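Colleague: Just passing along the structure, written as structure tokens.
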Amino acid sequence: MTQANKPSLTPKKKKGRLKEYRWPIAGVLFLLLLLAAFVIRLPYYIEMPGTAEDIRSVMTVDGKMDTKSGSYDFVTVAVKEATPADLIYAWATPFTDIYSAKEMTGGSSSQEFTRINQFYMETSQNMAIYQGLKTAGKETQMDFLGVYVMQVADDSTFKGILNIADTVTGVNGKTFKSSKELIDYVGSQKIGDPVSVTYIEDGQTKTADGKIIKLSNGKNGIGISLIDRTEAKGDVPVQFATQGIGGPSAGMMFSLAIYTQVADPDLRQGRHIAGTGTINQDGTVGDIGGIDKKVVAADKEGAEIFFAPNNPVSKEEKKANPKAKSNYETAKEAAKQIHSKMKIVPVKTLQDAIDYLKKILYNIGSLKKSEEKMDITINAPQTESNSNSAKAMSLNNGLIWFICFVPLIGLFLENYANSATAGAFLWILVPLFMIGCSIADCKHLIKHGIDAAHLFKWVWLTPVYVYKREKLCGRELYKAIMCGFFIIAALFMNGFTQSIKIDNDYMLVSAQNSYVQSLDNFSGNSAKVIGECITSYLGEDAKWDCTKNGHNYTVTVKGKHGSDNYTISFLIVYDGFTYRKFAISDVIKNKVSLRDDEFSAVCKEIFTEDKSDTDSSNEKSSNSQTK
Numbered sequence: 110m111t112q113a114n115k116p117s118l119t120p121k122k123k124k125g126r127l128k129e130y131r132w133p134i135a136g137v138l139f140l141l142l143l144l145a146a147f148v149i150r151l152p153y154y155i156e157m158p159g160t161a162e163d164i165r166s167v168m169t170v171d172g173k174m175d176t177k178s179g180s181y182d183f184v185t186v187a188v189k190e191a192t193p194a195d196l197i198y199a200w201a202t203p204f205t206d207i208y209s210a211k212e213m214t215g216g217s218s219s220q221e222f223t224r225i226n227q228f229y230m231e232t233s234q235n236m237a238i239y240q241g242l243k244t245a246g247k248e249t250q251m252d253f254l255g256v257y258v259m260q261v262a263d264d265s266t267f268k269g270i271l272n273i274a275d276t277v278t279g280v281n282g283k284t285f286k287s288s289k290e291l292i293d294y295v296g297s298q299k300i301g302d303p304v305s306v307t308y309i310e311d312g313q314t315k316t317a318d319g320k321i322i323k324l325s326n327g328k329n330g331i332g333i334s335l336i337d338r339t340e341a342k343g344d345v346p347v348q349f350a351t352q353g354i355g356g357p358s359a360g361m362m363f364s365l366a367i368y369t370q371v372a373d374p375d376l377r378q379g380r381h382i383a384g385t386g387t388i389n390q391d392g393t394v395g396d397i398g399g400i401d402k403k404v405v406a407a408d409k410e411g412a413e414i415f416f417a418p419n420n421p422v423s424k425e426e427k428k429a430n431p432k433a434k435s436n437y438e439t440a441k442e443a444a445k446q447i448h449s450k451m452k453i454v455p456v457k458t459l460q461d462a463i464d465y466l467k468k469i470l471y472n473i474g475s476l477k478k479s480e481e482k483m484d485i486t487i488n489a490p491q492t493e494s495n496s497n498s499a500k501a502m503s504l505n506n507g508l509i510w511f512i513c514f515v516p517l518i519g520l521f522l523e524n525y526a527n528s529a530t531a532g533a534f535l536w537i538l539v540p541l542f543m544i545g546c547s548i549a550d551c552k553h554l555i556k557h558g559i560d561a562a563h564l565f566k567w568v569w570l571t572p573v574y575v576y577k578r579e580k581l582c583g584r585e586l587y588k589a590i591m592c593g594f595f596i597i598a599a600l601f602m603n604g605f606t607q608s609i610k611i612d613n614d615y616m617l618v619s620a621q622n623s624y625v626q627s628l629d630n631f632s633g634n635s636a637k638v639i640g641e642c643i644t645s646y647l648g649e650d651a652k653w654d655c656t657k658n659g660h661n662y663t664v665t666v667k668g669k670h671g672s673d674n675y676t677i678s679f680l681i682v683y684d685g686f687t688y689r690k691f692a693i694s695d696v697i698k699n700k701v702s703l704r705d706d707e708f709s710a711v712c713k714e715i716f717t718e719d720k721s722d723t724d725s726s727n728e729k730s731s732n733s734q735t736k
């Protein structure tokens, strides 16, 4: 959807085919590179602030919804494979870091990395159930189910058999009560001894045979890194629904939420409380990564209190990195940097968080305010939105970016539409393509477990769809603004819109200001302007006029050259989308229309011959006659 060009904008130069199409090719390549910048994945990850999720959206205790005012939020960090555009964004945006794939995943594949984080989330839930119920004075126990495979050594005979997140449940037909028992048993075997491992992969129990090898630490083993897989059981059932969310950092807040609902329902006192940290079986709170980004996310959601792990940096860490800081110190600095009003509270144990909340004075005003918002806080749409935000973190947004730029692609292609029909076809094709892409994107959301079915009714209005889609996913709304802007820009820049301003006066001025080379009657590379040529030949008193008949515009100019009267007519055919013809249609001398050689001679004299050469020739001829 391009601007309607003046006739003079298409010089008739003789070019090779490649040169003739170099700008369209360059434009297409530029658009492809622009699209690639948002789609192609690089071996890098970006880490940025995620969301603060109400725990009630992912957890129920004893089958009951926590309806008390206020909320406990667990906070996420968004991690995604980087595109070139992402790297530029990360470089220019605070609290957004770039990591190599090896730094982020430890050499694991994306699928393995996801499985590891899902395991960490499962482990944090079990620890939270155990610790939350235990602290609340309820009966609970931790059952040993086996060991999770975290890594398989390259020289292990189980390489390619055991995979990350598989669960080893037995060795040589023996079962164990802890990972220590399993490790001690395997370590007691001799190098080269056959060993049979029983394991669970994707819910199926399997057996694999291998041999004992010498490990890098000098001990005997089967060459796997492992960690306990446990299951917490208690008097009070606790259910989680955290699909699409990984990592161990929500453990402490899960424990606090379980304790509150079971033992002290009024502990929050109507406050919006966020926090982070792992939870261990002894109730201690462990450090996590990206806490500065979690502070930003919690502040954005309006949290009043933020619990941060407060474990001192070890001497070894200080020696390796003199600038190393505790989670609490980093959180304090981040809150100061963004001018947050949140209270950053240091905790070393779950009990520290409970004690802090118990000591806070009862704030009537805060409670009333929270109660007024309670319906919004605990209703299904809000919690579903939070859940959707978490699931959307790993989405590939290449398609939605493409949708935003489709109007610009249409704008570019309109340059090469050779008729109004072709232009109209583009006007139909572009919105249909945007609608189709919106439908595909909506199905993509649903496939990833996001409740986006209600968005189908908005695919007909692309900017509205993009807005509602980004809002549902808990993302910034700049894509919707960008999409709307590009659509509006395309509407104002397209040929049909531009044609509104084209009238007789516009065509007259365009013809006057066009270059001679734009006339269909001539070829070459003349830099002469039509109006100037006419003025030179007919004088400044020449009179211009323009009439319209359908798609045809006729520009006429009348004047005298010597004792002869001339009327020169230009035909401009503009079909409402593109200029189809621009030519000298008639030359009338003393009321007689010139034809063939006479027509060509006058046109050449007016538009192509050098006036100084003509004057010089005439002067020589006159002198010769005088003599």
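If you want the working numbering, it's the position in the sequence shown, counting the first as 1, plus 109. Glycine included, each C-beta is placed from N, C-alpha and C at the ideal position. Predicted, not measured: the structure shown is a model, and the values here were computed from it.
Of the residues K320, I693, E290, D375, which one's Cα is nearest the Cα of G739?
Modeller: What is shown of the chain runs 110 to 736, which leaves residue 739 out entirely.
Colleague: State buried or exposed for M362, treating a residue as buried only when at least 16 other CB atoms are found within 10 Å of its CB.
Modeller: Here residue 362 is taken as the residue at index 253 of the sequence shown, counted from 1. The Cβ neighbour count for M362, taken over all protein chains shown within 10 Å, is at least 16; the residue is labelled buried.
Colleague: Within the continuous alpha helix (DSSP H) that includes S449, where are the two ends?
Modeller: As a working mapping, residue 449 is identified with position 340 in the sequence shown. First-last for S449: undefined, no H or E at that position.
Colleague: Quick one: give me the first and last residue of the beta strand (DSSP E) that A341 is part of.
Modeller: Against the sequence shown, residue 341 aligns to sequence position 232. Where A341 is concerned, the enclosing beta strand (DSSP E) stretches over 333–343.
Colleague: I think I149 touches P193, with their Cβ atoms under 8 Å apart; what is that distance to the nearest whole Å?
Modeller: Sequence index remark: in the sequence shown, residue 149 carries index 40 (1-based). Sequence index remark: in the sequence shown, residue 193 carries index 84 (1-based). I149 to P193, Cβ: 7 Å. Contact.
Colleague: Just curious, the alpha helix (DSSP H) that N699 is in, first and last residue?
Modeller: Start at 1 with the first residue of the sequence shown, and residue 699 comes out as number 590. Neither: N699 is in no alpha helix (DSSP H) and is coded neither H nor E.
Colleague: Considering only the alpha carbon of each residue, which of A443, V405, K402, G386 lies closest to A95?
Modeller: Because the chain in this structure spans residues 110 to 736, residue 95 falls outside the shown range and cannot be described.
Colleague: Starting from S209, follow its DSSP beta bridges and name the residues at the other end.
Modeller: Within the sequence shown, residue 209 is the residue found at index 100, counting from 1. For S209, which the question treats as bridged, DSSP gives the partners Y153.
Colleague: Helix, strand or coil, according to DSSP, for T644 in the structure here?
Modeller: As a first step, residue 644 must be located in the sequence shown, where it is residue number 535. Helix.
Colleague: Tell me the DSSP bridge mates of W653?
Modeller: For the purposes of this step, residue 653 is taken as residue 544 along the sequence shown, with counting starting at 1. Paired residues: V666.
Colleague: Report back the beta-carbon spacing between I469 and S233 to the nearest angstrom; my notes put them in contact at under 8 Å.
Modeller: Translated into positions along the sequence shown, residue 469 becomes position 360. Translated into positions along the sequence shown, residue 233 becomes position 124. Not confirmed; about 26 Å, so no contact.
Colleague: Do the CB positions of Q240 and S358 come within less than 8 Å of each other?
Modeller: Here residue 240 is taken as the residue at index 131 of the sequence shown, counted from 1. Here residue 358 is taken as the residue at index 249 of the sequence shown, counted from 1. The Cβ-Cβ distance between Q240 and S358 does not fall below 8 Å.
Colleague: Rounded to the nearest angstrom, what separates M251 and G179 at their Cα positions?
Modeller: The count along the sequence shown starts at 1 and reaches residue 251 at position 142. The count along the sequence shown starts at 1 and reaches residue 179 at position 70. So the alpha carbons of these two residues sit roughly 31 Å apart.
Colleague: Using a Cβ-Cβ cutoff of less than 8 Å, which residues in the same chain neighbour S635 once the five nearest sequence positions on both sides are dropped?
Modeller: Counting from 1 along the sequence shown, the entry for residue 635 is found at position 526. Closer than 8 Å at the Cβ level, and outside the excluded window around S635, lie Y624, V625, Q626, F716, T717.
Colleague: DSSP three-state label for P758, please.
Modeller: The requested residue 758 does not occur in the structure, where the chain is confined to residues 110 to 736.
Colleague: Where in the stretch 391–435 do unbroken runs of the beta strand (DSSP E), each at least 3 residues long, occur, reported from the N-terminal end onward?
Modeller: Considered as a whole, the stretch 391–435 harbours 414–418 as its complete beta strand (DSSP E) runs of no fewer than 3 residues, in chain order.
Colleague: Since K652 and G640 are thought to touch, with beta carbons under 8 Å apart, how far apart are those beta carbons, to the nearest angstrom?
Modeller: If you number the sequence shown from 1, residue 652 lands on position 543. If you number the sequence shown from 1, residue 640 lands on position 531. The Cβ separation is near 13 Å, so there is no contact.
Colleague: Over the uninterrupted alpha helix (DSSP H) stretch that includes F363, give me the two end residues.
Modeller: In the sequence shown, counting from the first residue as 1, residue 363 sits at position 254. Element bounds for F363: 360–372.
Colleague: Within the same chain, show all residues whose beta-carbon is closer than 8 Å to that of G411, passing over the 5 residues directly before and after it, in chain order.
Modeller: Counted from its first residue, the sequence shown places residue 411 at position 302. Correct list, in chain order: H381.
Colleague: Could you tell me the alpha carbon to alpha carbon distance between M174 and N436, rounded to whole angstroms?
Modeller: The residue you call residue 174 lines up with position 65 of the sequence shown. The residue you call residue 436 lines up with position 327 of the sequence shown. Roughly 32 Å separates the two Cα atoms.
Colleague: Just the C-alpha distance for Y683 and V405, rounded to the nearest angstrom, thanks.
Modeller: Stepping through the sequence shown from its first residue, residue 683 is reached at position 574. Stepping through the sequence shown from its first residue, residue 405 is reached at position 296. The straight-line gap from Cα to Cα measures roughly 57 Å.
Colleague: Would you list, in sequence order, the uninterrupted alpha helix (DSSP H) runs of no fewer than 4 residues that lie entirely inside the stretch 182–244?
Modeller: 193–201, 210–214, 219–244
Colleague: Just checking, does the stretch 301–319 make contact with the stretch 211–229 on the three C-beta pairs under 8 Å criterion?
Modeller: Cβ pair count under 8 Å is below three, so no.
Colleague: Going by the beta-carbon positions, is the gap between M168 and G360 smaller than 8 Å?
Modeller: As a first step, residue 168 is located in the sequence shown; it is residue number 59 there, counting from the start. As a first step, residue 360 is located in the sequence shown; it is residue number 251 there, counting from the start. In this structure, M168 keeps its C-beta atom at 8 Å or more from the C-beta atom of G360.
Colleague: By DSSP, does L541 sit in helix, in strand, or in coil?
Modeller: Here residue 541 corresponds to residue number 432 of the sequence shown, with the count starting at 1. Correct three-state label for L541: helix.
Colleague: In whole angstroms, what separates the C-alpha of K457 from that of M543?
Modeller: Looking up residue 457 in the sequence shown gives position 348. Looking up residue 543 in the sequence shown gives position 434. Cα to Cα, K457 sits roughly 52 Å from M543.
Colleague: Does A562 pass the burial test, meaning 16 or more other C-beta atoms within 10 Å, or should it be called exposed?
Modeller: If you number the sequence shown from 1, residue 562 lands on position 453. A562 sits exposed, since fewer than 16 C-beta atoms from the chains shown fall within 10 Å of its C-beta.
Colleague: From the DSSP output, in three-state form, read off G671 for me.
Modeller: Position 562 of the sequence shown, counting from 1, holds the residue named residue 671. DSSP places G671 in coil when its eight states are reduced to three.
Colleague: Is it true that the CB of T276 sits closer than 8 Å to the CB of L254?
Modeller: Residue 254 sits at position 145 when you count from the first residue of the sequence shown. Residue 276 sits at position 167 when you count from the first residue of the sequence shown. Cβ distance < 8 Å, so L254 and T276 count as in contact.
Colleague: If you draw a straight line from the alpha carbon of P203 to that of S288, how long is it in whole angstroms?
Modeller: Locating residue 203 in the sequence shown gives position 94, where the first residue counts as 1. Locating residue 288 in the sequence shown gives position 179, where the first residue counts as 1. Cα to Cα, the separation comes out at about 42 Å.
Colleague: Measuring alpha carbon to alpha carbon, tell me which of L143, G355, E190, K328 ends up nearest L151.
Modeller: Along the sequence shown, one-based indexing puts residue 151 at 42. Nearest C-alpha to L151: E190.
Colleague: Measuring CB to CB, does A383 end up less than 8 Å from V184?
Modeller: Here the question's residue 383 lines up with position 274 in the sequence shown. Here the question's residue 184 lines up with position 75 in the sequence shown. Yes.
Colleague: CA-CA distance, N699 and N674?
Modeller: In the sequence shown, the residue the question calls residue 699 occupies position 590. In the sequence shown, the residue the question calls residue 674 occupies position 565. Whole-angstrom Cα-Cα distance: 5 Å.
Colleague: Please state the DSSP three-state secondary structure of H660.
Modeller: Reading the sequence shown from its first residue, position 551 is the one you call residue 660. Coil.
Colleague: Beta-carbon within less than 6 Å of K441's beta-carbon, same chain only, minus the 5 sequence neighbours each way: which residues are those?
Modeller: Along the sequence shown, read from residue 1 onward, the residue named residue 441 stands at position 332. If we look at K441 and ignore the five residues flanking it on each side, its Cβ neighbours are I453.
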